[in-house]
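Anchor point for the sequence shown: position 127 equals 420 in the numbering used here, and the numbering is continuous, going up by one each time.
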Amino acid sequence: MAKHKYLTSPPKLTTMPPGVPYIVGNEAAERFSYYGMNSILTIFMTKYLLDKMGHLSVMSPTNAEAWYHTFVSALYFLPIFGAILADAVFGKFWVVFWISIVYCLGHLTLALIGSPVAHAIEPRYLLAIGLLLIAIGAGGIKPCVSTNVGDQFGETNRHLLTRVFNWFYFSINAGSFASTLLIPWLLDPYKAELGGFIAKLPPAIVGFLESPRLHSPDVAFGLPGVFMAIATIIFWMGRKKFVHIPPVGLRTYAREIFNKETGKIILNILIPVPFIAIFWALWQQNFSSWIVQAESMDRHLFGIEWLSSQIQTVNPIFILIMLPLFSYWLYPFVERFVRLTPLRKIGAGLFVTAASFFLVAIIQTQIDGGARPSIIWQVWAFVILTAGETLVSPTHLEFSYTQGPVKLKSLIMCTYLFAISLGNQFTAAVNFFIQNPDGSVKLQGASYFMFFVWVMLGTAVLFAIVTPFYKGRTYLQDQTQVAADAEPAVGFAVQPEA
């Protein structure tokens with residue numbers, strides 16, 4: 294009789310593992326839930342937050358940005374605990390399942406902000422509790438979900454790993470695109486424009502779409518919670534299809550971590566992290582300072598006035614365009630002249646990201662001068678930012694997975710996530726520091742964005758100096774060591790996340 298109820302090692306397949314559709318479906322629904330909530334968080338804190346008495350009690354943009362980046366920093370720091378529980382105690386499946394329930398409770402708590410419960414409990418307390426639960430939920434499952442993708446593959450079908458990581462990244466951006474388009478619309482009061490398409494619909498439909506009950510914080514925060522519940526159900530449905538890598542036990546896990554060889558591996562993998570953290574310090578601001586900037590811009594585009602929190606929708610669109618474009622055209626073209634290692638891609642991405650913030654600083658200079666520039670200029674900044682993301686994020690994702698020893702996959706993936714946490718903590722610290730007691734700020738307008746331009750440029754130059762000394766190895770589940778080259782051969786066929 295089999296000792297385990299589920300598969301505990303990858304079967305010798307040359308085709309796609311049967312659990313992959315459930316992983317991708319779960320990821321798409323979970324990302325819809327997260328990015329939907331994420332897209333309205335800053336604008337909610339600066340425009341719609343009330344006190345217990347129902348009076349408007351909004352935060353300043355700088356304070357809201359500090360709250361936001363502290364939340365994201367905590368979310369990306371907590372994966373280390375999920376990784377230890379997954380690798381050493383419970384296994385990835387059960388950690389993802391149970392922590393997903395905590396995640397659902399976080400969404401429920403945020404939805405209560407717009408309900409009668411907010412008259413009994415201060416809304417800021419509900420906001421803090423909800424964000425904490427979501428940080429635990431989203432953070433706890435992060436290292437497990439992405440490494441669970443790799444766990445489904447062995448040596449016989451490893452050639453499909455890159456393709457699936459790209460599907461995985463595609464699902465992330467599909468969920469992000471749909472939610473960032475819809476959820477901000479549910480938060481903002483809506484009135485159909487005369488002569489527009491919506492106004493020509495039957496009166497009952499127009500009345501429903503304009504209903505204040507449809508456009509409220511409880512609905513805007515509640516719908517992402519529904520999608521998180523769907524994500525949890527999809528994951529549960531795939532339990533008999535997944536490969537469940539057994540936990541190694543705390544004693545074995547401790548031996549794996551606290552030995553000289555593993556220490557060298559972990560320290561080696563941590564080398565790029567501080568540099569990539571600065572990339573995330575800039576990138577994550579498309580959910581905070583870029584939204585605040587968009588509030589002061591002319592947002593009419595294609596005959597529609599877009600909400601400031603909807604502009605970020607262009608990011609997943611550009612990602613879905615750039616992933617195959619870079620993989621099938623740009624990378625092969627550049628490879629004719631120079632070997633494109635993962636770290637070289639990342640280094641190029643750091644410089645590109647600095648350019649996006651330079652353009653945003655120019656836009657802010659116009660706003661500071663009293664102009665109201667077209668939102669198309671921020672869309673161009675998103676094009677540049679997304680190019681940087683395409684170079685950095687999916688490359689670092691697969692790089693982190695392949696560099697981790699077999700028994701420590703989830704923990705090693707935390708280095709990828711820790712970079713995001715560190716970057717957001719840097720941005721949060723900057724926003725807390727620049728606030729003066731009288732309500733003014735030390736870095737205002739364009740100078741705020743230029744500060745990050747110079748930080749990013751300095752980081753990119755230092756990264757280019759340090760990375761030639763990096764040495765690494767590549768590990769997969771059914772082998773101890775695949776290669777001992779200076780860098781893993783992980784050049785994405787259609788590249789993967791954040």
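All residues carry an ideal CB built from backbone N, CA and C; glycine is no exception.
For V734, the three-state secondary structure derived from DSSP is strand.
Excluding five sequence positions before and after N466, the CB atoms of its chain that fall closer than 6 Å to its own CB belong to P609, I612, L613, given in chain order.
Here W583 is buried, its C-beta having at least 16 other C-beta atoms within 10 Å. For R548, the number of other beta carbons within 10 angstroms of its own is below 16, and it is reported as exposed. DSSP, reduced to helix, strand and coil, places L300 within a strand of the structure shown. Comparing alpha-carbon positions, the option among L343, F458, T473 lying closest to Y418 turns out to be L343. Linking T307 to L507 through their CA atoms gives a straight-line distance of about 48 Å. In terms of Cβ geometry, A574 and F719 form a close pair [threshold 8 Å]. A straight-line Cα-Cα distance of about 6 Å links V351 and K340. Contact between F446 and L454 holds: CB atoms are separated by about 5 Å, below the 8 Å threshold. When C-alpha distances from A722 are compared across S366, H593, I336, the shortest belongs to S366. T760 is positioned such that its CB atom lies no closer than 8 Å to that of G596.
If you check the CB distance, I422 and M330 do not come in under 8 Å. A direct Cα-to-Cα measurement between G407 and S472 gives close to 19 Å. By the beta-carbon neighbour count (other beta carbons within 10 angstroms, threshold 16), D444 is buried.
Check the Cα spacing between V734 and each of P354, L349, P311: the tightest is with P354. Positions of the alpha helix (DSSP H) runs, each at least 4 residues long and wholly inside the stretch 373-458, are given as 385-404, 416-444 in order along the chain. DSSP, reduced to helix, strand and coil, places E588 outside both helices and strands of the structure shown, so it counts as coil. Counting only runs of at least 4 residues, the stretch 596-678 fully encloses the following alpha helix (DSSP H) elements, listed from N- to C-terminal order: 607-618, 624-628, 635-661.
With respect to the 8 Å criterion, Q671 and A739 are not classified as neighbours on the basis of their beta carbons. For L715 against A570, the beta-carbon gap comes to about 4 Å, under 8 Å, which counts as contact. Checking the DSSP bridge columns, you'll see V536 partnered with L300.
Of all alpha-carbon atoms in L368, I434, R544, W360, the one lying nearest the alpha-carbon of S393 is that of I434. With a threshold of 16 other beta carbon atoms within 10 Å, V754 falls short and is exposed. By the Cβ criterion, the stretch 672-685 is not in contact with the stretch 524-535, since fewer than three pairs of Cβ atoms, one from each stretch, lie closer than 8 Å. Assigned with DSSP and collapsed to three states, L594 falls in strand. DSSP links L349 through a beta bridge to L343.
For T688 and H412, the gap between their C-alpha atoms comes out near 47 Å.
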